[in-house]
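Listed in order, the protein sequences are those of chains A and B. So in numbering that gives the first Met the number 0, spot 224 of the first sequence is number 223, and the numbers just go up one at a time. So in numbering that gives the first Met the number 0, spot 254 of the second sequence is number 253, and the numbers just go up one at a time. Before any comments, here is the structure.
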Amino acid sequence: MVEPVLAVSDLKKHYPVRRGLLRRHAGTVFAVDGVSFSIAPGETLGLVGESGCGKSTVARTVMRLVEPTSGTIRLDGTDITALGKTALRPYRRRMQIIFQDPFSSLNPRMTAGDIVREPITFHRLAAGKAADQRVAELFEQVGLRPGQMRLYPHQFSGGQRQRISIARALALDPALIVGDEPVSALDVSIQAQVINLMMDLQRAKGLSYLFIAHDLAVVEHIAHRVAVMYLGRIVEMAPKLELYRAPKHPYTQALLAAVPVPNPTLKRRRQVLDGDVPSPMNPPPGCTFHTRCPLAQAQCRAEIPALRNLGGNHVVACHLA
Amino acid sequence: MSETDTYEAELVRAGARAEGRLARALFYARQYPLGAVGAVIMLVIVFAALFADVVAPQSPFSTNPALSLARPGSAHLMGADFMGRDIMSRVVHGARISLAVGIFSTLIGGFFGVLIGVASGYIGGWFDLVVQRITDIMQALPLLVLALVMSAALGPSLPNTIIAISIPLIPYVSRVIRANTLALREQAYVEAAHAIGLPEWRIALRHILPNTLAPLIVIATAQLGSTILTEASLSFLGLGVPEPHPSWGRMLSESAAEYMRTAPWLVIFPGLAISLAVFGTNMLGDALRDILDPRQRG
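Next comes the structure, spelled out in structure tokens:
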């Protein structure tokens, strides 16, 4: 088997909550609570879940922008979990990130060209004319004109800014790009363009993606495998077709049932989830989903379900599946 | 993409990309008429300060008992004070002192304020806590007491006045810049810079500092005006620039009580100079803030 580009095992990120003058420890937010997955070269893993389920924390922890509480992150087989800033720097070239908000992800006082050039010159991949040449190449690869290098971010549209972010991420020629809801802030028509661009780049460069979204339809298009997160844990992970055809976890089933179908005559049996996501500060005992699960039984309230492999790379954390 | 093209083309037509600085300045002057007025006022004051010896009709120090409290007239356009010194010459020479005090104290206060503000906001943690408490102490010290202590220790002089005025500026500037830094460091582009692996100092320098420029220009220009006023009050108390150097503030305050009714020109002309300088810096500052912000620019 090919060595995965990224292998995350039992990743946890707990935030202490401190209150009052003496900063007493008042509780813990279990933002990410034991997440494991791996991504093969050239593969896209889609990570979906509701707001606040820990998707973005996974992205930031994998990128070592946030320190994990425990667990390991392996990049090309090397454990990078505990590397210091300087030791980590060479590995930064192997993984890059694209953010959701195209308006805050680019420094308004740098030109688009300077934004893309910065990683190249900092990592000494090129300098002077050669760096300019490289930036121009990257602009062309993401569908921008090299002439736009001297423009400032505010002169671009949302979709174009996201292309600049992609160019900046590609500048270091990484093996893995983490997309933290890279298209969620864009118009639907622009979403399709950006996603197609990302897929073209994947084919051309053999990139791996960790693609985070809250929209199953978007993920269905780009991902090879999909992981569903709920309250800091992966509840189901399977190859795309398998997951969309035969979802096993009641939460995945509910999410899929909520995807709008563009056919008004189609009558569907709606499976609407009641209530809200419980607070990650005080997750329910047993299966964290039991408070909203239509099928919950006594066992679900007492025992935490482990991720079980149902065969064919389909894993699910449910007692009843 | 075509959107940017037309926008660019539009700006080129409007003259934003026209060759030559003059064309560019004229373009901005049309866009910001009040800023242009401010710029003209400041140019006049700077010109007066630089070429005071040529512009002033006579020496600001020569006294003439016969001319005591002379009315404004053809010989003395702004009249003369009780010592018979030509007020116009004193106002022109006063521009030097006011500008020196305003510019240097704003520069010193702004420099240290930005340094401390960015460091405090970006480093955070206990460093931030300690720096902010020191800032509290500095803000609790009244300016006049500070200046009093300083001039008592060092003697009243122009450099000491500048230092005394710049020190209270530091906590004020650093507070604003710190708040700005706290907001900026949460921006996604700062996270992207971390993802690239840039060291902290470089992120602070390249991604935080330039983005504090807009609030800094607003503070600096607003303060430029108020430092001129502070210098006036210090001079009134005898703590500012000593006699016989002409300071607008002292010219105004010395004569305000005694001569306002009998010889109002002693009060009006220095007062007008102060008002114009403050107005000019504020208008110019507002326009500069907009022009220097790339979001406002073509």
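Every residue gets a Cβ at the ideal spot worked out from N, C-alpha and C, and that includes glycine.
query	result
C-beta atoms of Gly-224/B and Ala-231/B nearer than 9 Å	no
Proximity winner among Phe-121/A, Asp-273/A and Ala-222/A, relative to Arg-205/B (alpha-carbon distances)	Phe-121/A
Minimum length 3: unbroken beta strand (DSSP E) runs contained in the region 134-217 of chain A	175-179 and 207-212
Under the three-state DSSP convention, the category Asn-179/B falls into	helix
Any C-beta of chain A under 9 Å from that of Glu-257/B	no
Cβ-based burial, Ala-75/B [other Cβ within 10 Å; buried from 16]	Note that residue 75/B corresponds to His in the displayed sequence, not to Ala. It counts as buried.
Residues within the region 172-190 of chain B neighbouring chain A, beta-carbon criterion of under 8 Å	Gln-186, Ala-187, Tyr-188 and Glu-190
Own chain partners of Ala-125/A with C-beta closer than 8 Å, once the 5 adjacent residues on each side are dropped	Ile-119, Gln-132 and Arg-133
Within 9 Å, strictly: CB atoms of Gly-45/A and Glu-219/A	yes
Where Asn-262/A falls, given that 16 or more other Cβ within 10 Å makes a residue buried	exposed
8 Å Cβ shell around Arg-17/A - same chain, five flanking residues per side excluded	Arg-23, His-24 and Ala-25
Members of the region 209-228 of chain B that neighbour chain A once the beta carbon cut-off is set at 7 Å	Pro-209 and Asn-210
Alpha carbon of Ile-38/A to alpha carbon of Asp-273/A, nearest angstrom	33 Å
Chain B residues whose Cβ lies nearer than 9 Å to that of Glu-117/A	Ala-192, Ile-195, Leu-197 and Arg-205
Phe-278/B versus Gly-37/B: straight-line alpha-carbon distance, rounded	7 Å
Simplified DSSP assignment, three categories, for Met-82/B	coil
Alpha helix (DSSP H) runs wholly inside the region 79-113 of chain A, at least 4 long, in chain order	84-91
Per-residue burial, Asp-80/B [other beta carbons within 10 Å of its own, 16 or more giving buried]	buried
Minimum Cβ-Cβ distance from Gln-192/A to chain B less than 9 Å	no
Rounded Cβ spacing between Ser-50/A and Val-7/A (contact assumed at less than 8 Å)	About 21 Å; that fails the 8 Å criterion.
Those residues which DSSP pairs with Gly-45/A across a bridge	Phe-210/A and Val-225/A
Straight-line gap, Met-109/A to His-153/A (C-alpha atoms, nearest Å)	10 Å
Neighbourhood of Arg-167/A by C-beta, 6 Å cutoff - its chain only, sequence neighbours within 5 removed	Ile-114 and Val-115
Pro-170/B in three-state terms, based on DSSP	helix
Contact set for Asp-32/A: own chain, Cβ-Cβ below 6 Å, skip 5 residues either direction	Lys-11, Gly-231 and Arg-232
Exposure label - Trp-200/B; buried when at least 16 CB within 10 Å	exposed
Pro-3/A, buried or exposed, once every other Cβ within 10 Å from all chains shown has been counted against 16	buried
Arg-288/B at chain A interface by Cβ criterion, 9 Å	no
Cβ-based burial, Thr-261/B [other Cβ within 10 Å; buried from 16]	exposed
Short CB-CB distance (under 9 Å) between Ala-17/B and chain A	Residue placement at Ala-17/B cannot be trusted, given a pLDDT of 48 that sits under 50; what the coordinates show is reported in the next sentence. Closer than 9 Å: no.
Those runs of the alpha helix (DSSP H) which lie wholly inside the region 42-115 of chain B and span at least 4 residues	51-54
C-alpha distance - Pro-201/A paired with Ser-104/A, whole-angstrom precision	Position check: residue 201/A holds Gln in this sequence, whereas Pro was assumed. Going from the Cα of Gln-201/A to the Cα of Ser-104/A covers about 22 Å.
Boundaries of the alpha helix (DSSP H) in which Glu-253/B is found, first to last residue	247-258
Segment limits, alpha helix (DSSP H) that includes Phe-36/A	Phe-36/A -> not in any alpha helix (DSSP H); beta strand (DSSP E) instead, spanning 23-38.
Below-9 Å beta-carbon distance, Arg-249/B vs any chain A residue	no
Coarse secondary structure for Ala-320/A, derived from DSSP in three states	coil
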